[in-house]
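Colleague:
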Amino acid sequence: MTSATNHIGPQQAGTEIEGIRMNLILSAECTGGKLTIIEQEIGIGAVSSAHVCNREDKVILVTNGNFLLFAEGKTFEAEKGANIFIPHGIVHSIKNIGTQTGVLLVTLTPDSQPSAFKPSGRSVKVFGKNNAAMHNVAKKYDVVIA
């Protein structure tokens, strides 16, 4: 039996995408590829690009803040304590509409992105203003940017 680190501390943060910092909490290595858990810190006014996860269902727990979720052509409000389920194949994005940094605990299952959020020991701007990089990463993990 092999062991794997199942918790990545803040000092080993993963990736930052335009105001959204992602920290790997539980890796696919630890779950045999069954799921990944990521903490997302979302800055005031930050919004994720509309995208489709073709392989993973997504479960989100709002641990801090107020958000608008855009999915299936509808807008939903979610605040601290809310749980959100987004089945694979649904176009979605989320925006922090609060007055402070919001925090989401995101579970992806089954995990098909074993290396997408590897800890690097620093924050790396992958998507920022480089749309080509964003689309390349999305294509690699079968995520469609809307």
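Residue numbers for the sequence shown follow the numbering used here, so the first one is 764 and each next one is one higher.
For each residue, glycine too, the CB sits at the ideal point set by N, CA and C.
Keeping to the same chain, check which residues put their C-beta closer than 6 Å to that of serine 878; ignore five residues upstream and five downstream.
Modeller: What you label residue 878 is simply residue 115 of the sequence shown in a count that begins at 1. Its pLDDT being 49, under 50, serine 878 is placed unreliably by the model, and nothing is read from it.
Colleague: According to DSSP, what are the bridge partners of glutamine 803?
Modeller: Within the sequence shown, residue 803 is the residue found at index 40, counting from 1. Bridge partners of glutamine 803: Met785, Leu867.
Colleague: Going by the beta-carbon positions, is the gap between threonine 872 and glutamate 804 smaller than 8 Å?
Modeller: Walking along the sequence shown from the start, residue 872 turns up at place 109. Walking along the sequence shown from the start, residue 804 turns up at place 41. Against a cut-off of 8 Å, the Cβ pair of glutamate 804 and threonine 872 comes out as no contact.
Colleague: Under the three-state reduction of DSSP, which class applies to lysine 797: helix, strand or coil?
Modeller: The count along the sequence shown starts at 1 and reaches residue 797 at position 34. If DSSP states are grouped into helix, strand and coil, lysine 797 belongs with coil.
Colleague: Identify the continuous beta strand (DSSP E) that holds glutamate 819 and give its terminal residues.
Modeller: Taking the sequence shown and counting its residues from 1, one reaches residue 819 at position 56. No beta strand (DSSP E) contains glutamate 819, which DSSP labels as neither H nor E.
Colleague: Just how far apart, CA to CA, sit threonine 765 and isoleucine 788?
Modeller: Residue numbering aside, residue 765 sits at position 2 when the sequence shown is read from its first letter. Residue numbering aside, residue 788 sits at position 25 when the sequence shown is read from its first letter. Any answer about threonine 765 is weak, because its pLDDT of 35 lies below 50 and its placement is not dependable; what the coordinates show is given next. Threonine 765 and isoleucine 788: Cα-Cα distance of roughly 19 Å.
Colleague: Could you pull the start and end residues of the beta strand (DSSP E) that alanine 841 belongs to?
Modeller: Residue numbering aside, residue 841 sits at position 78 when the sequence shown is read from its first letter. Start and end: 837-842.
Colleague: On the DSSP letters alone, give me the boundaries of the beta strand (DSSP E) that alanine 834 sits inside.
Modeller: What you label residue 834 is simply residue 71 of the sequence shown in a count that begins at 1. Taken as a continuous stretch (DSSP letters only), the beta strand (DSSP E) holding alanine 834 covers 829-834.
Colleague: If you drop the 5 nearest sequence neighbours on each side, which residues of the same chain put their C-beta closer than 6 Å to that of aspartate 905?
Modeller: The residue you call residue 905 lines up with position 142 of the sequence shown. So the list reads Asn817, Arg818, once near-sequence residues are dropped.
Colleague: What number of angstroms, rounded off, separates the C-alpha of threonine 799 from the C-alpha of serine 790?
Modeller: In the sequence shown, residue 799 corresponds to position 36, counting from 1. In the sequence shown, residue 790 corresponds to position 27, counting from 1. In a straight line, the C-alpha of threonine 799 is about 5 Å away from that of serine 790.
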